[in-house]
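Here's the structure, in structure tokens; my notes come after.
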Amino acid sequence: MKIMKKIINKKIIFFIFVILIFFIILSIYYISKKQNIEIENIQNVIENIFTSIDDSEYYEFKNLENETSQVIENNKIDNSKGEVIFPNWFNEKFQSHMTETYYKEFLGIAIYEIPILSYVNNKSLSLKNLTIEKKENYYIFNGELLISDTKDKNIIKLEGTVQTSKKGLVNYLRINNLYRIVKIIKT
2 MKIMKKIINK
12 KIIFFIFVIL
22 IFFIILSIYY
32 ISKKQNIEIE
42 NIQNVIENIF
52 TSIDDSEYYE
62 FKNLENETSQ
72 VIENNKIDNS
82 KGEVIFPNWF
92 NEKFQSHMTE
102 TYYKEFLGIA
112 IYEIPILSYV
122 NNKSLSLKNL
132 TIEKKENYYI
142 FNGELLISDT
152 KDKNIIKLEG
162 TVQTSKKGLV
172 NYLRINNLYR
182 IVKIIKT
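2 is the number of the first residue of the sequence shown in the working numbering; add one for each residue after it.
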């Protein structure tokens with residue numbers, strides 16, 4: 002009888018041990034998968050900010066901007082919030098990678114204008130060597146941004162911080178040298 006109890010106890014301990022190992026592996030997998038989703042969303046947002054747009058994307062944006070202005074001027078709609086309608090390509094590049102709250106904030110801080118501004122100023126944007134590193138409760142990113150036109154090429158160190166939501170969506174983005182980048186694009 003004692004031998005049976007020892008065997009049963011060992012089986013129970015072994016079973017508990019196996020279940021514990023399973024949950025540890027599952028937790029590691031979940032954390033790794035979540036971190037990969039976060040990095041993918043961060044990477045997409047940063048790359049889309051610093052990617053040149055083509056003629057069709059610019060004209061679609063400009064046409065919507067003009068339509069919105071005309072509608073507001075003619076008082077055909079009540080747009081008291083001053084909302085700008087964005088083209089589908091814009092929403093596809095940014096909205097799915099951000100929380101709803103941050104997407105609205107993002108539109109208000111005009112970081113989205115970088116590819117449009119580069120188009121207007123005949124500048125080409127190219128992002129190289131983007132790295133994203135997890136810190137305690139945020140990410141830091143670094144890379145090189147090439148801003149060029151027919152005469153000049155400027156390589157700027159790109160760096161900043163990003164926070165993500167529990168779902169892995171971007172809910173905060175800070176680009177440390179944004180003012181310098183915009184200044185170079187405008188010159």
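Positions of the beta carbon are idealized from the N, C-alpha and C atoms, including for glycine.
> Quick one: what's got a C-beta closer than 6 angstroms to Asn-143's C-beta in the same chain, skipping five residues either side?
Replying inline: Short of 6 angstroms from the beta carbon of Asn-143, and not among the five residues preceding or following it, lie these beta carbons of its own chain, in chain order: Thr-132, Glu-160.
>> Rounded to the nearest angstrom, what separates Arg-103 and Ser-53 at their Cα positions?
In response: Note that residue 103 is Tyr in the sequence shown, not Arg. A straight line joining the alpha-carbon of Tyr-103 with that of Ser-53 spans about 23 angstroms.
> If you check the beta carbons only, do Tyr-191 and Ile-115 fall under 9 angstroms apart?
Replying inline: Lying outside 2 to 188, the shown extent of the chain, residue 191 is not represented and no answer is given.
>> Can you find the residues in the same chain that come closer than 7 angstroms, C-beta to C-beta, to His-98, ignoring five residues on each side of it along the sequence?
In response: Same-chain partners within the cutoff: Asn-42, Asn-45, Val-46, Leu-170, Val-171.
>> What does the alpha-carbon distance come out to for the pair Arg-175 and Val-163?
In response: Taking the Cα positions, Arg-175 is about 6 angstroms away from Val-163.
> Taking DSSP as the reference, what is the three-state secondary structure of Phe-51?
Replying inline: Of the three classes helix, strand and coil, the one that applies to Phe-51 here is coil, per DSSP.
> So Lys-105 is in the alpha helix (DSSP H); what residue range does that whole segment cover?
Replying inline: Its alpha helix (DSSP H) spans residues 101–110.
>> According to DSSP, is Leu-65 part of a helix, a strand, or is it coil?
In response: Note: Leu-65 maps to helix in three-state DSSP.
> CA-CA distance, Lys-190 and Asn-138?
Replying inline: Past the boundaries of the shown model lies residue 190; the chain is included only from 2 to 188, so the question cannot be answered.
>> Measuring straight from C-alpha to C-alpha, what distance separates Ser-57 and Pro-88?
In response: When rounded, the distance between both Cα atoms is 11 angstroms.
> Mind checking whether Ile-50 and Ile-148 have CB atoms under 9 angstroms apart?
Replying inline: Not in contact: Ile-50 and Ile-148 (Cβ atoms no closer than 9 angstroms).
> Where do the ends of the alpha helix (DSSP H) carrying Asn-155 lie?
Replying inline: In the DSSP assignment, Asn-155 falls outside any alpha helix (DSSP H) and within the unbroken beta strand (DSSP E) covering 154–165.
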